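Asks: Numbering (our numbering), first residue to last: 2 to 480.
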């Protein structure tokens, strides 16, 4: 069997939508499962839709997620992608072959004539084949005379075209539904529909992964393969990723790009893992996979025909699983940018903050809301000192703070262990439960009933001077 070769062929038109990244991932997994090649090709022939910086987003996303491509033009000792706009002459060469074989023709219809067809048909109209039967010699003479033209594919008008898709099975289209599509535009650039067929053949692509919106277009591509006498690839069409039961997840509507998810604090590995599950069901109960593990277990047979609904709660759960599996050092590195967005003090112990947050964090972007009291203590109601669980009252809280403050002031060094020993020892000597003593310390230190860590950790994070200042302020608030 020929070596499996797949490709990811995005257009550089903006952020990496999760549907695009899923196409890249499935293409990568199909190739790598059997030791094949994964190719990156930039389809930039639609010059009006190009966005500055979009190519870099594609490269960065693939490298960040580990979807490294296997070949391409040499760029400083590294593989660059294939770029269609740099292969323009190739497509014209193959279009000329189709003209000579009668599978294509030159069309000279003006923009005004085409618009009138749409107007007469109420906005929806196929090209009517007006230039289809112009003799080739006459057409080429008009081209030489400088008349604007496009090259169109000559579709059969009778019969049916069929193919078998790896996901959807047998598909048949009535040829009367096929429009004589444009292959080469008036600016000399190929259309996506033409260039992707030429490139897929020349690059030896064996499996084509794409969205099922291309199912109805596939007969057009197959007719091109047949016209050149080339072998058709295996098609793997994937159902869309949906926002809900009724609406597609759409880049146009600003929904769920990879970059947005990373900015919100989702872990790259978790995002890739979740995207794999959007339309693919692994065998067994396990759903958490590294990229290497996915490569081993992925199979085309697990891809569903049904649309996949993007479930933020499941992504959140999976992200939390990845965070919990991190070492303290790994979590500190991942969390530090989000900690620093809120905690500006250079004296803050970010490692201690991260340790307190580690098992309490599901999405890194939510860190700020948990620790925004560290730099600035906002005013808080005095009744926070009252707590049924610890049996704290205003009177008991006042007594605890009056005893704690001088004891903490006397500590020779301000470390978690010594703070812990001091407070636990005081609770024992005063013959009160730990919670009765710790509760007012936590409230005075943070102004919160819920904090990333307990009272000891909060004092350790704040440092001696700030901790004592806040405890005294808490005592004043009660008094």
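For each residue, glycine too, the CB sits at the ideal point set by N, CA and C. Every value quoted in this text rests on a predicted model; they were computed, and no experiment measured them.
#1: For residue 69, name the three-state secondary structure that DSSP assigns.
#2: I'd like to confirm the pairing. Which residues does DSSP put opposite residue 281 in its beta bridges?
#3: Which residue comes first and which comes last in the beta strand (DSSP E) that contains residue 12?
#4: Across the region 44-63 and the region 288-298, are there enough close Cβ pairs to call them in contact, namely three or more that are closer than 8 angstroms?
#5: Is the distance from the Cβ of residue 184 to the Cβ of residue 157 below 9 angstroms?
#6: What's the C-alpha gap between residue 413 and residue 471?
#7: With a Cβ-Cβ cutoff of 9 angstroms, do residue 289 and residue 319 count as a contact?
#8: What number of angstroms, rounded off, separates the C-alpha of residue 132 from the C-alpha of residue 13?
#9: Identify the continuous alpha helix (DSSP H) that holds residue 139 and give its terminal residues.
#10: Which stretch, first to last residue, makes up the alpha helix (DSSP H) that contains residue 396?
#11: Does the beta-carbon distance from residue 1 to residue 340 come in below 9 angstroms?
#12: Give the range of the beta strand (DSSP E) segment to which residue 162 is assigned.
#13: Just to confirm before moving on: does the CB-CB distance between residue 454 and residue 366 stay below 9 angstroms?
#14: Grab me the residues of residue 173's own chain with a C-beta within less than 8 angstroms of its C-beta, minus the 5 sequence neighbours each way, in chain order.
#15: Hey, could you find the ends of the alpha helix (DSSP H) residue 321 is sitting in?
#16: Which same chain residues, not among the five before or five after residue 452, have their C-beta less than 7 angstroms away from its C-beta?
#17: How about residue 474 and residue 337: are their beta carbons less than 9 angstroms apart?
#18: By DSSP's criteria, residue 41 is part of a beta bridge. Which residues make up the other side?
#19: With a threshold of 7 angstroms on Cβ separation, who are the neighbours of residue 26 within its own chain once the five nearest residues in sequence on each side are excluded?
#20: Could you please give me the residues that DSSP links to residue 211 through a beta bridge?
#21: What separation, rounded to the nearest whole angstrom, lies between the Cα atoms of residue 87 and residue 42?
#22: Does the separation of the CB atoms of residue 7 and residue 40 fall below 9 angstroms?
#23: Near residue 28, what residues of its chain come up, given a Cβ to Cβ distance below 8 angstroms and the 5 sequence neighbours on each side ignored?
#24: Can you give me the start and stop residues for the alpha helix (DSSP H) that residue 298 sits inside?
#25: Could you check whether residue 189 and residue 98 sit closer than 9 angstroms to each other, using their CB atoms as the reference points?
#26: For the alpha helix (DSSP H) holding residue 336, just list the boundary residues, first then last.
#27: Just how far apart, CA to CA, sit residue 351 and residue 410?
#28: Excluding sequence positions up to five away, which residues of its chain have a Cβ less than 6 angstroms from the Cβ of residue 233?
#29: What is the DSSP secondary structure of residue 243, reduced to helix, strand or coil?
#30: Does DSSP put residue 466 in a helix, a strand or coil?
#31: I'd like the list of long-range same chain contacts for residue 119, defined as Cβ closer than 8 angstroms, with 5 residues on each side in sequence excluded.
#32: Consult DSSP for residue 104 and reduce its assignment to one of helix, strand or coil.
#33: Taking the beta carbon of residue 48 as the centre, do at least 16 other beta carbons fall within 10 Å, making it buried, or is it exposed?
Replies: On the basis of the data shown:
#1: Here the question's residue 69 lines up with position 68 in the chain shown. Coil at residue 69, not helix or strand.
#2: Taking the chain shown and counting its residues from 1, the one referred to as residue 281 is at position 280. According to DSSP, which records beta bridges pairwise, residue 281 is partnered with 304.
#3: Taking the chain shown and counting its residues from 1, the one referred to as residue 12 is at position 11. Run containing residue 12: none; DSSP gives neither H nor E here.
#4: no
#5: As a first step, residue 184 must be located in the chain shown, where it is residue number 183. As a first step, residue 157 must be located in the chain shown, where it is residue number 156. Taking 9 angstroms as the Cβ cut-off, residue 184 and residue 157 do not qualify as a contacting pair.
#6: In the chain shown, residue 413 corresponds to position 412, counting from 1. In the chain shown, residue 471 corresponds to position 470, counting from 1. Whole-angstrom Cα-Cα distance: 19 angstroms.
#7: Counting from 1 along the chain shown, the entry for residue 289 is found at position 288. Counting from 1 along the chain shown, the entry for residue 319 is found at position 318. Yes, the Cβ-Cβ distance between residue 289 and residue 319 is below 9 angstroms.
#8: Position 131 of the chain shown, counted from the start, is the residue given in the question as residue 132. Position 12 of the chain shown, counted from the start, is the residue given in the question as residue 13. For residue 132 and residue 13, the distance between alpha carbons rounds to 33 angstroms.
#9: Here residue 139 corresponds to residue number 138 of the chain shown, with the count starting at 1. First-last of the alpha helix (DSSP H) with residue 139: 137-145.
#10: Indexing the chain shown from 1 puts residue 396 at position 395. Element bounds for residue 396: 395-410.
#11: Nothing in the structure corresponds to residue 1, since the chain is present only between 2 and 480.
#12: Taking the first residue of the chain shown as 1, we reach residue 162 at position 161. Taken as a continuous stretch (DSSP letters only), the beta strand (DSSP E) holding residue 162 covers 161-166.
#13: Mapped onto the chain shown, residue 454 falls at position 453. Mapped onto the chain shown, residue 366 falls at position 365. It is not a contact, given that the beta carbons lie outside the stated cut-off.
#14: Walking along the chain shown from the start, residue 173 turns up at place 172. For residue 173, where only same-chain residues beyond five positions count, the Cβ hits under 8 angstroms are 161, 162 and 163.
#15: On the chain shown, position 320 is the one that residue 321 refers to. Start and end: 313-325.
#16: Along the chain shown, read from residue 1 onward, the residue named residue 452 stands at position 451. Once the five neighbours on either side are set aside, the close Cβ partners of residue 452 are 443 and 459.
#17: Taking the chain shown and counting its residues from 1, the one referred to as residue 474 is at position 473. Taking the chain shown and counting its residues from 1, the one referred to as residue 337 is at position 336. No, the Cβ-Cβ distance between residue 474 and residue 337 is not below 9 angstroms.
#18: Stepping through the chain shown from its first residue, residue 41 is reached at position 40. 9, per the DSSP bridge assignment.
#19: Taking the chain shown and counting its residues from 1, one reaches residue 26 at position 25. So the qualifying residues of the chain are 68, 273, 276 and 277.
#20: Position 210 of the chain shown holds residue 211. 238.
#21: Your numbering for residue 87 matches position 86 in the chain shown. Your numbering for residue 42 matches position 41 in the chain shown. Near 11 angstroms, if we compare the C-alpha coordinates of residue 42 and residue 87.
#22: Taking the chain shown and counting its residues from 1, one reaches residue 7 at position 6. Taking the chain shown and counting its residues from 1, one reaches residue 40 at position 39. Against a cut-off of 9 angstroms, the Cβ pair of residue 40 and residue 7 comes out as a contact.
#23: As a working note, residue 28 is residue 27 in the chain shown. Within the same chain, residue 28 has close Cβ partners 7, 8, 9, 39, 208 and 210.
#24: Along the chain shown, read from residue 1 onward, the residue named residue 298 stands at position 297. Counting along the chain, the alpha helix (DSSP H) containing residue 298 begins and ends at 292-298.
#25: Looking up residue 98 in the chain shown gives position 97. Looking up residue 189 in the chain shown gives position 188. Cβ atoms of residue 98 and residue 189: not closer than 9 angstroms.
#26: Numbered from 1 along the chain shown, position 335 holds the residue referred to as residue 336. Residues 329-341.
#27: Here the question's residue 351 lines up with position 350 in the chain shown. Here the question's residue 410 lines up with position 409 in the chain shown. Near 24 angstroms, if we compare the C-alpha coordinates of residue 410 and residue 351.
#28: Taking the chain shown and counting its residues from 1, one reaches residue 233 at position 232. Hits under 6 angstroms: 223 and 226.
#29: Here residue 243 refers to the residue found at position 242 when the chain shown is read from its first residue. Looking at residue 243 - three-state DSSP - the assignment turns out to be strand.
#30: Within the chain shown, the letter at position 465 stands for residue 466. Three-state DSSP puts residue 466 in a helix.
#31: Counted from its first residue, the chain shown places residue 119 at position 118. The answer, listed in chain order, is 125 and 126.
#32: Residue numbering aside, residue 104 sits at position 103 when the chain shown is read from its first letter. Three-state DSSP puts residue 104 in coil, outside helix and strand.
#33: Within the chain shown, numbered from 1, the residue matching residue 48 stands at position 47. Classification of residue 48: exposed, given that the 10 Å Cβ count is below 16.
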